[in-house]
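>
Residue numbers (full-length UniProt numbering): 1 to 267.
1) Please give me, in chain order, every unbroken run of the beta strand (DSSP E) with length at least 3 that falls completely inside the stretch 175-243.
2) Leaving out five residues before and five after residue 55 in sequence, what residues of the same chain have Cβ atoms less than 6 Å from its Cβ?
3) Under the three-state reduction of DSSP, which class applies to residue 139: helix, strand or coil?
4) Expressed to the nearest angstrom, what Euclidean distance is found between the alpha-carbon atoms of residue 128 and residue 106?
5) Drop a sphere of 10 angstroms on the beta-carbon of residue 104, count the other beta-carbons inside from all chains shown, and report buried for 16 or more, exposed for fewer.
6) Helix, strand or coil for residue 245, going by three-state DSSP, please let me know.
7) Could you check whether residue 62 and residue 186 sit closer than 8 Å to each other, using their CB atoms as the reference points?
8) Using the C-alpha atoms, what's the distance from residue 240 back to residue 266?
9) State the Cα-Cα distance for the pair residue 159 and residue 69, rounded to the nearest angstrom.
10) Buried or exposed for residue 76, please, with buried defined as at least 16 other CB atoms from any protein chain shown within 10 angstroms of its CB.
11) Run through the DSSP bridge pairs and tell me what residue 254 is partnered with.
12) Let me check one thing: in DSSP terms, what residues is residue 102 bridge-paired to?
13) Could you name the residues of the same chain whose beta carbon sits closer than 6 Å to that of residue 136, not counting the 5 residues immediately before and after it, in chain order?
14) Tell me the rounded alpha-carbon separation between residue 203 and residue 27.
15) Report the rounded CA-to-CA distance for residue 7 versus residue 193, giving the unit in angstroms.
16) What are the start and end residues of the alpha helix (DSSP H) that includes residue 166?
17) Taking residue 220 as the reference, give the member of 251, 183 and 154 with the closest Cα.
18) Reducing DSSP to helix, strand and coil, say where residue 18 ends up.
19) Using three-state DSSP, classify residue 3 as helix, strand or coil.
20) Quick check on the burial criterion: 16 or more other C-beta atoms within 10 angstroms. Buried or exposed for residue 65?
21) Under the assumption that residue 132 contacts residue 154 (Cβ atoms under 8 Å), give the Cβ distance between them as a whole number of angstroms.
22) Are there three or more Cβ pairs, one per stretch, closer than 8 Å when the stretch 29-49 is compared with the stretch 230-247?
23) Looking only at its own chain, which residues have a Cβ that is under 7 Å from the Cβ of residue 181, when we skip the five neighbours before and after it?
24) Where do the N-terminal and C-terminal ends of the alpha helix (DSSP H) with residue 147 fall, by residue?
25) Roughly how many whole angstroms lie between the Cα atoms of residue 93 and residue 163?
26) Once DSSP output is grouped into helix, strand and coil, what is the label at residue 53?
27) By the DSSP assignment, the alpha helix (DSSP H) with residue 73 in it spans what residues?
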């Protein structure tokens, strides 16, 4: 029998995870084109951070910026502005550094593959919100998802419509981010596999084996991808995809020391 990695066990750790010293850490769930929710949430993050003792602010987006909601292009614009200007436009300008970390979701995988002309994923993408993303870039969606000529036309139009800054954004997305005792990722991790040996495809797609596991993953996992009516807290993981694009809220989890709280934006 193969020995189990020393840092993994069959049960979740009893000790609470901790954020990095001096950092107020925010994790933002799946935005899915809901730009209005994002702007409200960033204002609430700015208000929450005001007057706190932590010397640095780090905002980690867990992926799925695009699809389903009405303004995927605008969501990327706003995150790029946040990276340039910090939280000052949202009401916090106290000189503390704001670091923005953007992770890749499965919907960005759809988007980038279609953008470079991979039509094999087009039918699945179109029925999972791709049409709304095309419209946000003023590109007419294909009338039929099985028409290769119309799909190729839409891919060509999208390639001309997406700004260079958005392409750089998509190309630079990370698959995961480690922060103190937290491991932030879009979908989850494969139980029993060390965090530094995870398959990137599973980091953006996995569901059942991860969601049903009670194992210690090697860190406390913060994720989205699987919509839940309200934040789902487990001893080994935290799901903050609260279905903004389905009429739910957009949620951010805030971590400092071993404490946590949640900020929400909805209508």
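Virtual Cβ for every residue (Gly too), placed ideally from N, Cα, C.
Considering the structure as presented:
1) 176-179, 182-185, 220-223 and 237-239
2) By 1-based counting over the chain shown, the position of residue 55 is 55. Excluding residues within five positions, the ones whose Cβ falls inside 6 Å are 22.
3) Reading the chain shown from its first residue, position 139 is the one you call residue 139. Residue 139: coil per DSSP, three-state reduction.
4) Locating residue 128 in the chain shown gives position 128, where the first residue counts as 1. Locating residue 106 in the chain shown gives position 106, where the first residue counts as 1. Between residue 128 and residue 106, the C-alpha separation is close to 11 Å.
5) Within the chain shown, residue 104 is the residue found at index 104, counting from 1. The residue in question, residue 104, is buried, as its Cβ has 16 or more Cβ neighbours within 10 Å.
6) Here residue 245 refers to the residue found at position 245 when the chain shown is read from its first residue. In the structure shown, residue 245 sits in a helix (DSSP, three-state: H, G or I).
7) Reading the chain shown from its first residue, position 186 is the one you call residue 186. Reading the chain shown from its first residue, position 62 is the one you call residue 62. The answer is yes: Cβ separation under 8 Å.
8) On the chain shown, position 266 is the one that residue 266 refers to. On the chain shown, position 240 is the one that residue 240 refers to. When rounded, the distance between both Cα atoms is 14 Å.
9) Numbered from its first residue, the chain shown carries residue 159 at position 159. Numbered from its first residue, the chain shown carries residue 69 at position 69. Straight-line Cα distance between these residues: approximately 20 Å.
10) The residue labelled residue 76 in the question sits at position 76 within the chain shown. By the Cβ-count criterion, residue 76 is buried, with 16 or more other Cβ atoms from all chains shown falling within 10 Å of its own Cβ.
11) Numbered from its first residue, the chain shown carries residue 254 at position 254. Looking at the DSSP assignment, residue 254 forms a beta bridge with 26 and 261.
12) Position 102 of the chain shown, counted from the start, is the residue given in the question as residue 102. DSSP output for residue 102 lists 61 as bridge partner(s).
13) As a first step, residue 136 is located in the chain shown; it is residue number 136 there, counting from the start. Correct list, in chain order: 71, 72 and 73.
14) As a position in the chain shown, residue 203 is number 203, starting the count at 1. As a position in the chain shown, residue 27 is number 27, starting the count at 1. Rounded to whole angstroms, residue 203 to residue 27 spans 16 Å at the Cα level.
15) Within the chain shown, the letter at position 7 stands for residue 7. Within the chain shown, the letter at position 193 stands for residue 193. Interpretation of residue 7 is limited by its pLDDT of 42, a score under 50 that renders its predicted location unreliable; the figure taken from the coordinates is listed afterwards. For residue 7 and residue 193, the distance between alpha carbons rounds to 10 Å.
16) Position 166 of the chain shown holds residue 166. Run containing residue 166: 164-171, per the alpha helix (DSSP H) assignment.
17) Residue mapping note: residue 220 aligns to position 220 of the chain shown, counting from 1. Taking only the C-alpha atoms, the option nearest residue 220 is 183.
18) Sequence index remark: in the chain shown, residue 18 carries index 18 (1-based). Residue 18: coil per DSSP, three-state reduction.
19) Working through the chain shown from its first residue, we reach residue 3 at position 3. The predicted model places residue 3 with a pLDDT of 35, which falls under 50 and marks its position as unreliable; any figure quoted below should be read in that light. Of the three classes helix, strand and coil, the one that applies to residue 3 here is coil, per DSSP.
20) Here residue 65 is taken as the residue at index 65 of the chain shown, counted from 1. Residue 65 should be labelled buried.
21) Against the chain shown, residue 132 aligns to sequence position 132. Against the chain shown, residue 154 aligns to sequence position 154. With 8 Å as the limit, residue 132 and residue 154 do not qualify as a contact, their Cβ atoms being about 13 Å apart.
22) yes
23) Within the chain shown, residue 181 is the residue found at index 181, counting from 1. Excluding residues within five positions, the ones whose Cβ falls inside 7 Å are 17, 18, 219 and 220.
24) Position 147 of the chain shown, counting from 1, holds the residue named residue 147. Careful: residue 147 lies outside any alpha helix (DSSP H) and carries neither H nor E.
25) Within the chain shown, the letter at position 93 stands for residue 93. Within the chain shown, the letter at position 163 stands for residue 163. Taking the straight line joining both Cα atoms gives about 29 Å.
26) Position 53 of the chain shown, counted from the start, is the residue given in the question as residue 53. Coil, per DSSP.
27) In the chain shown, counting from the first residue as 1, residue 73 sits at position 73. 72-85 is the extent of the alpha helix (DSSP H) around residue 73.
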